[in-house]
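In our numbering, the protein residues as written are 4 to 773.
Heads up, the thing below is written out as structure tokens.
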């Protein structure tokens with residue numbers, strides 16, 4: 004069984020072989036007619052009834068076999084091997100009857116009813132039929148063998164039964180004849196099987212090629228030696244708006260491109276250019292790509308290359324999505340996403356190109372604009388509102404952009420304006436004044452009325468004497484000066500600004516060196532208890548003695564440190580020094596240390612305080628950490644978490660500069676505070692302004708029920724101290740009335756001293772009670 008299956012031909016070949024058995028009914032009909040006519044002729048000559056019986060047999064077999072041929076010739080092609088084998092079996096059954104009748108005719112003519120004419124006629128018609136066995140029945144090896152046996156064996160048997168040696172030998176010679184016919188049939192079958200297999204293989208390859216060709220995302224046409232399309236795929240037809248690839252066959256490149264011209268999608272000059280490029284690529288045998296933009300906004304990319312056997316290959320595809328994506332990427336790389344203005348890099352490129360061309364002796368101007376207090380908008384109203392404000396400003400600035408003026412958003416709330424040609428300084432001044440006037444006013448952003456206020460810096464230079472980067476640096480220096488002088492204005496760059504900038508940079512370098520070398524020092528401003536007029540605490544303050552400039556004000560170097568990002572290092576230095584010194588003072592004296600907003604952006608602040616306490620041995624209750632409202636505004640939830648952790652260490656927390664922020668009152672019940680320090684601004688006119696006095700009294704009265712102690716800063720005169728003692732009654736006071744900041748040893752010396760104001764204050768209180 005396994006051997007049989009192994010030798011079976013594939014079903015897709017076997018079925019066609021079976022179909023060939025029923026293909027030619029006409030020649031079979033002619034054969035039956037000739038064979039029957041010959042038998043009738045023999046009967047006519049011999050009048051032997053045996054031949055009449057053979058005649059009726061032929062007629063019966065002819066009817067049955069031809070009917071079987073007709074039945075299957077018009078039937079559908081078999082779908083399985085079993086169905087095809089059933090047809091083959093039917094064919095063999097009727098074919099065997101036909102072979103049996105031919106063999107019977109020979110045996111009767113040679114032996115049973117011998118007649119010389121009958122013998123010759125029977126042998127001739129049988130051998131003639133035998134020659135057709137291979138050609139007609141190669142599809143069924145079984146049929147070939149049955150035909151050979153039923154036709155030739157009766158002839159051999161008849162000759163052998165004649166008895167004489169000559170006929171006996173003649174009968175034996177049928178065996179080689181049988182072998183020859185069988186071998187010929189096998190050969191025909193093998194040749195046809197090989198041909199059919201190769202044809203199917205070629206068809207499969209062609210189908211795969213056709214499938215691959217027509218499933219390509221690219222359109223493809225192959226040009227013959229005559230320059231006309233010989234092969235095309237379905238995508239090519241689709242892109243050319245044709246029904247099928249066959250509609251492309253025989254067309255030239257020129258003809259294909261002219262379809263686009265005729266449809267108004269392609270200009271004639273573009274058609275000529277594309278044709279020239281593609282023809283040149285095919286002629287030179289190298290790849291070449293051509294991007295074509297059509298009138299309807301689509302983009303096609305053509306690629307041409309020389310193929311094999313003198314065939315040229317052209318592929319093309321719709322690259323509209325790719326081109327649009329590239330344009331979007333290019334736009335995103337050059338323009339600001341929020342405002343649509345050129346970004347920093349593209350502005351630099353545009354200005355550089357403008358300055359490189361034209362008259363090198365002309366004057367040009369560059370201005371930088373920065374929104375005042377923009378951070379407070381983001382902090383209080385949110386970034387979406389801030390973005391809306393930036394967009395509103397960009398709209399007003401974009402209105403002035405045009406010939407000779409380039410506007411850019413540099414990032415954040417900063418804008419740049421370049422004036423390519425300026426007559427003189429007054430011309431630049433008038434233009435900038437007009438721009439600033441146009442910016443003034445209120446804009447509505449998501450229901451919020453926001454007033455635009457900006458500061459600016461500008462520089463005027465001759466093109467040949469400067470470059471883009473130098474102008475930007477100078478404009479920034481002028482902007483810095485404008486903000487320093489009060490904002491909401493602009494300044495023109497002056498040489499002195501450059502010198503100030505260089506000095507500022509040098510001071511930054513010196514400050515960094517001082518911090519790294521720990522050459523800063525800490526002094527302590529006394530904080531006096533109102534009831535005893537003794538030092539209850541002191542505030543640690545940082546001082547910097549510059550080797551060349553002398554003492555530098557904290558109002559100068561502290562902002563520098565914040566700008567440089569080293570303020571936390573200074574905070575750590577002051578914290579460690581203050582804790583170490585306070586540990587040496589009497590137990591009733593504590594110390595207060597200011598921590599910056601940046602310190603509260605990192606949970607390292609907890610460890611810094613813990614390390615300072617551990618390193619100095621200072622009791623945690625003697626350390627007070629002052630927190631500014633700026634720190635609270637950055638991240639309220641995180642800052643509160645850090646303050647609570649500091650409280651768990653035993654450290655006391657004071658809110659510094661109370662009353663100068665945006666929502667001071669909300670902190671009094673939300674944060675675990677121990678003290679508030681009222682800013683000096685509330686005390687300036689307290690002796691003349693009753694409202695200021697009432698405000699101070701209100702804050703103190705509001706704080707006490709919450710368990711908060713109160714310190715008033717900025718006490719500079721005895722009159723201020725007297726009013727505080729008699730009417731406001733804070734817990735602690737601090738200011739220059741008690742002298743300037745002292746060294747650590749000075750605090751130690753003065754800790755038990757009662758200030759001479761104490762007697763005067765007691766007298767004033769006694770008089771007030773009367």
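Just so you know, even glycine gets a beta-carbon here, dropped at the ideal spot from N, CA and C.
Exercise. Going by the C-beta, is residue 548 closer than 8 Å to any heavy atom of the ligand GDP?
Worked result: The ligand GDP is not part of the structure shown, which contains no ligands of any sort.
For this session: Measure the alpha-carbon distance for residue 104 versus residue 233 and round it to whole angstroms.
Result: 57 Å
Problem set entry | Cutoff 7 Å; reference residue 46; Cβ partners in own chain excluding five residues on either side | 54, 55 and 58
Exercise. Between the Cα of residue 646 and the Cα atoms of 162, 661, 622 and 674, which residue gives the shortest distance?
Worked result: 674
Exercise. What is the DSSP secondary structure of residue 764, reduced to helix, strand or coil?
Worked result: helix
Exercise. Can you give the Cα-Cα distance for residue 270 and residue 279, rounded to whole angstroms?
Worked result: 14 Å
For this session: Please list, in chain order, all residues of the same chain as residue 458 whose beta carbon is under 7 Å from its beta carbon, the five residues on each side excluded.
Result: 373, 375, 482, 485, 486, 490, 491, 492 and 493
For this session: Look up residue 549 in the DSSP assignment and give the residues it is bridged to.
Result: 553
Exercise. In the structure shown, what three-state DSSP assignment does residue 528 receive?
Worked result: strand
For this session: State whether the stretch 413 to 430 contacts the stretch 360 to 373, with contact taken as three or more CB pairs (one from each stretch) at a distance under 8 Å.
Result: yes
Exercise. Residue 690 lies in the beta strand (DSSP E); which residues open and close that run?
Worked result: That residue, residue 690, is in no beta strand (DSSP E); it is neither H nor E in DSSP.
Exercise. Between the stretch 499 to 510 and the stretch 536 to 545, do at least 3 Cβ pairs fall closer than 8 Å?
Worked result: no
Problem set entry | 7 Å Cβ shell around residue 526 - same chain, five flanking residues per side excluded | 544, 546, 744, 745 and 746
Problem set entry | Coil, strand or helix - residue 167 by DSSP | coil
Exercise. The beta strand (DSSP E) spanning residue 112 covers which residue range?
Worked result: Per DSSP, residue 112 belongs to no beta strand (DSSP E) and is neither H nor E.
Problem set entry | Opening and closing residue of the alpha helix (DSSP H) in which residue 351 lies | 347 to 359
Exercise. Roughly how many whole angstroms lie between the Cα atoms of residue 606 and residue 379?
Worked result: 24 Å
Exercise. Looking only at C-alpha atoms, which of 17, 151 and 712 sits nearest to residue 82?
Worked result: 17
For this session: Only counting runs of 3 or more residues, tell me where the beta strand (DSSP E) segments fall wholly within the stretch 625 to 654, in order along the chain.
Result: 626 to 630
Exercise. Under three-state DSSP, which class holds residue 569?
Worked result: coil
Exercise. Which term fits residue 570, buried or exposed, when burial requires 16 or more other beta carbons within 10 angstroms of its beta carbon?
Worked result: buried
Exercise. How long is the line joining the alpha carbons of residue 23 and residue 94, rounded to whole angstroms?
Worked result: 11 Å
For this session: Check whether the stretch 712 to 720 touches the stretch 730 to 741, counting contact only when three or more Cβ pairs, one atom from each stretch, lie closer than 8 Å.
Result: yes
For this session: Just the C-alpha distance for residue 114 and residue 154, rounded to the nearest angstrom, thanks.
Result: 15 Å
For this session: Please work out which residues of its chain come closer than 6 Å, Cβ to Cβ, to residue 619, disregarding the five sequence neighbours upstream and downstream, and give them in chain order.
Result: 582, 583 and 586
Problem set entry | Presumed contact (8 Å Cβ cut-off) between residue 403 and residue 396, rounded CB distance | Actually they are not in contact, since the Cβ atoms of residue 403 and residue 396 sit about 12 Å apart, beyond 8 Å.
Exercise. In terms of DSSP beta bridges, what is residue 596 paired with?
Worked result: 543 and 628
Problem set entry | residue 337, DSSP secondary structure in three states | helix
Exercise. For residue 528, which option in 106, 679, 425 and 748 has the closest C-alpha, if you only look at C-alpha atoms?
Worked result: 748
Problem set entry | Simplified DSSP state of residue 69, which is helix, strand or coil | helix
For this session: Determine, using beta carbons only, whether residue 649 and residue 706 come nearer to each other than 9 Å.
Result: no
Exercise. To the nearest angstrom, how far is it from the Cα of residue 398 to the Cα of residue 344?
Worked result: 9 Å
For this session: Evaluate contact between the stretch 438 to 457 and the stretch 327 to 344, counting only Cβ atoms and requiring at least three cross-stretch pairs below 8 Å.
Result: no
Exercise. Going straight from the alpha carbon of residue 598 to that of residue 628, what length do you get?
Worked result: 7 Å
Problem set entry | Expected contact under 8 Å - CB spacing of residue 108 and residue 129 to nearest Å | 7 Å
For this session: Look at the alpha carbon of residue 519 and the alpha carbon of residue 573, and state the distance between them as a whole number of angstroms.
Result: 10 Å
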